[in-house]
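S.K.: Below are the structure tokens for one structure; questions will follow.
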Amino acid sequence: MVSNEKPSQLDKLHICYICVQDQYYKFQRFHHKFSWIFVSFIIDLQEFCTMASKNILQDNEIEDLLFLTPPEGSEDELEDFNIDELVCENYDTDMYDHNDDNVDIIDLPDLDQNIFIPNNAIELADPILIVVPNSESLNLRQPLVNSTKTSEVSVVHTPTVDKINTTKRTKFREIKSVVWKKRPFQISPDEIKFKGDTSLPQDPFFDLESPLDFFNYFFSSDLLQHICEESLRYSLQKNVNKPFEITETDLKRYLGICIMTSICIVPDIRQYWSENLENNVIKNTMTVNKFEKIRQFLHFCNNDIYIPRGQPGHDRLFRIRTVLETLKKRFQTVPLEESLSVDEQLCATKGRHYMKQYMPMKPHKWGYKLFILAGVSGFAYNIEIYSGQENDPQYRLTNEPDLGASANIVVRLCRIIPTYKNYVVYFDNYYTSLGLLVYLKNIGVLSLGTVRRNRLKQVKLPNEKEFMKSERGSSAECITKIQNNILSAVVWKDNRLVTLLSTFIGEQPKSEVLRFSKSQKKSVNVPCPSAVTIYNKHMGGVDLLDANIGRYKIRMRSRKWYIRLFYHLLDTCVVNAWILQKRVLTQKNEDDKIITLAKFREVLAVTLCQTSKNINITPTRGRPCKKANNVYMTDRKKPRVVHTSTITNRERYDCVSHWPVWNTTRQRCKYTNCKGFTYVNCSKCKTFMCFNKNNSCFVSYHTN
């Protein structure tokens, strides 16, 4: 029996819901991409059915609902609504667009101001940000999403605060049109006059005396303690049942042995403990087994917070980052020199690692590349290890333009230079560009560098082929004006053509240099532009640093890439300490106390090896053998030997391992204003001093 009653609006709504659900299962078999559209529409119908059954909806609302159709979609069209695109759009524009937070935070230091610890060491995991689409930007036809389903919530892992620039940056305006004029470069001397201060303050530099004092100024005890803690943690991570603790004293002795190996070279590291070579300084410091144990567990970071490769926030230099940033922070406390240079450096290695680079122009072709900002003296003020992540836009400051990968290196290294003080930076043609020189001039930093001709657009310099036919010493110059900054381009013919670009010097005044003439078979004077003379005088800072490191460097090999970089940074620290000592003595007018780099390394290594150590104790096994009498000994009276102490003031007053020792012979007391004789000497200082009820020169010598 068929009922003649008309179906109610609610019945029609249920029928519509069943039909759409049936179409969804058919549609899902062929179009998986848009199945979420029907799911959302079915959920909406189900909710409206529930509301209609409760008499919440009016009849006219149900009438309108019956005429609704599912959102149209096509695999070939791009206008369809996509929740993923909406999430990305909100993430890129609205998530960090806050006027109150326009601050660049780059590598904020830890609470301890003396040591740098990456921020992800404090936050073990990146913060989780739940992205909710903005209601104003939603399409009116967007289906409602059930908030109870976890698949409908977009979760984005954001990097830590110090690794992202949250401020919108204006795109750097590319220099498209440049007008060159054949005119001599002219600039006011007051405009390029140096306004900075290169003198060293008396506090704390004038208080540093011994090589150990200058080394400890850079390689502080806080860094030593941090390395000891991380090495212990690393040993526990390897084997929790066999922890290996490295004390600060052991680490100093280890560094002393490493520095000693740079001036005493043997084929194998274990030969330093050989009986035949008689290297008593190293043998008396520690055993070879303990040295290799320290080298095995030497570590600088916490592996528990290491972010693996491929995940957001991954740092390729994480294992050496703490040592690198801490040393850079200490290097930058020394006042800058007026003339600075930027160049690459190579840390040679034969190990296998993806960061290893090939540089055919270097003596050692393979190794880790470093970019250095150094002074004319060879002092390294800023260091950047090449890892491929440095040019990421998120690490760029707000006021820094994107000048290209090579020019951005100079921009990052020059962050430490005080602005508007007319410091001068020199670099080669790998970095030089018009945009770089204009940017540096705008912040008050002068610059000069060789440049590739294809980077000078529409320059009015002579053609290279025609200019090579001119006489040796010929030169030409043209200038341009960009953003109220005058730039000079100079070309000079020597053996080859060289082109320079500068913001403070030009072709004039010329000077003369000696060159050998093949036709005349003698040395002749050749005219040379002023820009070339000044460039050759101040560009060799990084090369001088390479030479100082290359003469006496730690040659111990390691399969761990960060250990090899640690040795290189240690060599750089020693060279910087030596240069700082020379600079302090020169400012004190004590040039006669300046020592060579080899002597500096020797004194530093011996001092570190004797840290809290009684050097009389030699680790030997078995019963000591008797020394055979010398058959060539005569009965002549031996000449009087004058005993002089080589102990430093730091070791004299450290109150460690100073013990009175009785001897069979007596000597005169070495304490000031004491003329007595004594049988007692100090086990560490090797100095005879009175030690009896009447005179206590032993105590006075070590305290006053």
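When we follow full-length UniProt numbering, the leftmost residue of the sequence shown carries the number 1, and every step to the right adds one. Where a beta carbon is used, it is the ideal one built from N, C-alpha and C, also for glycine. Quick caveat, the model's predicted, so the values are computed rather than measured.
Would CYS609 be called buried (16 or more neighbouring beta carbons within 10 Å of its own) or exposed?
M.R.: Classification for CYS609: buried.
S.K.: Which value, in whole angstroms, describes the spacing of the CA atoms of SER406 and ALA547?
M.R.: So the alpha carbons of these two residues sit roughly 24 Å apart.
S.K.: Taking the alpha-carbon of VAL606 as reference, which of GLY449, ASN303, ILE257 has the nearest alpha-carbon?
M.R.: The option with the nearest alpha carbon to VAL606 is ILE257.
S.K.: Report, in whole angstroms, the separation of the C-beta atoms of GLY676 and ASN704, which I expect to be a contact under 8 Å.
M.R.: Not confirmed; about 17 Å, so no contact.
S.K.: Are LEU324 and LEU597 close, meaning C-beta to C-beta below 9 Å?
M.R.: Cβ distance not < 9 Å, so LEU324 and LEU597 don't count as in contact.
S.K.: Quick one: Cα of LEU397 to Cα of THR333, how far?
M.R.: For LEU397 and THR333, the distance between alpha carbons rounds to 22 Å.
S.K.: Please report the residue range of the beta strand (DSSP E) in which GLN667 lies.
M.R.: Taken as a continuous stretch (DSSP letters only), the beta strand (DSSP E) holding GLN667 covers 660–668.
S.K.: Report the CB separation of THR611 from THR249 in whole angstroms; it is logged as a contact under 8 Å.
M.R.: At roughly 6 Å, the Cβ-Cβ gap stays under 8 Å, so THR611 and THR249 are in contact.
S.K.: For ARG452 versus THR480, is the C-beta spacing smaller than 9 Å?
M.R.: No, the Cβ-Cβ distance between ARG452 and THR480 is not below 9 Å.
S.K.: Looking at the unbroken alpha helix (DSSP H) that takes in TRP492, where does it start and where does it end?
M.R.: First-last for TRP492: 485–493, but that is the beta strand (DSSP E), not the alpha helix (DSSP H).
S.K.: To the nearest angstrom, how far is it from the Cα of THR586 to the Cα of PHE206?
M.R.: Looking at the two C-alpha atoms, the distance is approximately 11 Å.
S.K.: Identify, in the order they occur along the chain, each residue of the same chain with its Cβ nearer than 7 Å to the Cβ of ARG233, setting aside the five sequence neighbours on each side.
M.R.: Within the same chain, ARG233 has close Cβ partners ASN302.
S.K.: Report the rounded CA-to-CA distance for VAL584 versus PRO335, giving the unit in angstroms.
M.R.: Computed Cα separation, rounded: 12 Å.
S.K.: Whole alpha helix (DSSP H) runs in the segment 200–283 with 4 or more residues, listed along the chain?
M.R.: The segment 200–283 contains these whole alpha helix (DSSP H) runs: 202–205, 211–218, 221–238, 248–261, 280–283.
S.K.: With distance defined between alpha-carbon atoms, name the residue in GLU338, THR503, LEU497, ASN429 nearest to PRO462.
M.R.: If we check each option's Cα against that of PRO462, LEU497 comes out closest.
S.K.: With a threshold of 9 Å between beta-carbons, can THR322 be considered close to chain C, or not?
M.R.: The question asks about chain C, but that chain is absent: this structure has only one protein chain.
S.K.: Suppose contacts are defined by Cβ-Cβ distances below 9 Å. Is LEU446 in contact with THR533 by that definition?
M.R.: Cβ atoms of LEU446 and THR533: not closer than 9 Å.
S.K.: Let me know the secondary structure DSSP gives LEU565 once reduced to three states.
M.R.: If DSSP states are grouped into helix, strand and coil, LEU565 belongs with the helices.
S.K.: Our contact map puts ARG601 next to SER377 with C-beta atoms below 8 Å; I'd like the distance itself, whole angstroms only.
M.R.: Their Cβ separation, rounded to whole angstroms, is 18 Å, which puts ARG601 and SER377 out of contact at 8 Å.
S.K.: Among PRO509, SER519, GLU209, whose alpha-carbon lies nearest the alpha-carbon of ALA531?
M.R.: Answer by Cα proximity: PRO509.
S.K.: Could you check the C-alpha separation between ASN649 and VAL490 for me, to the nearest Å?
M.R.: Taking the straight line from one Cα to the other gives about 55 Å.
S.K.: Leaving out five residues before and five after LYS693 in sequence, what residues of the same chain have Cβ atoms less than 7 Å from its Cβ?
M.R.: If we look at LYS693 and ignore the five residues flanking it on each side, it has no Cβ neighbours.
S.K.: Can you look up ILE383 in the DSSP assignment and give me helix, strand or coil?
M.R.: ILE383 falls in the strand class under three-state DSSP.
S.K.: My understanding is that TYR423 touches LEU448, with C-beta atoms under 8 Å, so please give their C-beta distance in whole angstroms.
M.R.: With 8 Å as the limit, TYR423 and LEU448 do not qualify as a contact, their Cβ atoms being about 12 Å apart.
S.K.: Taking the straight line between their C-alpha atoms, what separation do you get for GLU344 and PRO363?
M.R.: If I take the Cα positions, the gap works out to 13 Å.
S.K.: Output yes or no for whether 9 Å exceeds the beta carbon distance between TYR679 and ARG666.
M.R.: It is a contact, given that the beta carbons lie within the stated cut-off.
S.K.: Specify the secondary structure class of GLN296 as computed by DSSP and reduced to three states.
M.R.: Of the three classes helix, strand and coil, the one that applies to GLN296 here is helix, per DSSP.
S.K.: Restricting to Cα atoms, I'd like to know which of LYS686, TYR653, THR572, TRP180 is closest to GLU384.
M.R.: Here the closest residue by C-alpha is THR572.
S.K.: List, from N- to C-terminal side, the beta strand (DSSP E) runs of 3 residues or more that fit wholly inside the segment 495–579.
M.R.: Taking only runs of at least 3 residues, the beta strand (DSSP E) segments lying wholly in the segment 495–579 are 497–502, 511–517, 522–528.
S.K.: Would you kindly report the start and end of the unbroken alpha helix (DSSP H) that includes SER475?
M.R.: Per DSSP, SER475 belongs to no alpha helix (DSSP H); it is in the beta strand (DSSP E), 475–482.
S.K.: Can you confirm whether the segment 194–212 touches the segment 265–276 when touching is taken to mean that 3 or more C-beta pairs between the two stretches lie within less than 8 Å?
M.R.: Verdict: no, contact absent.
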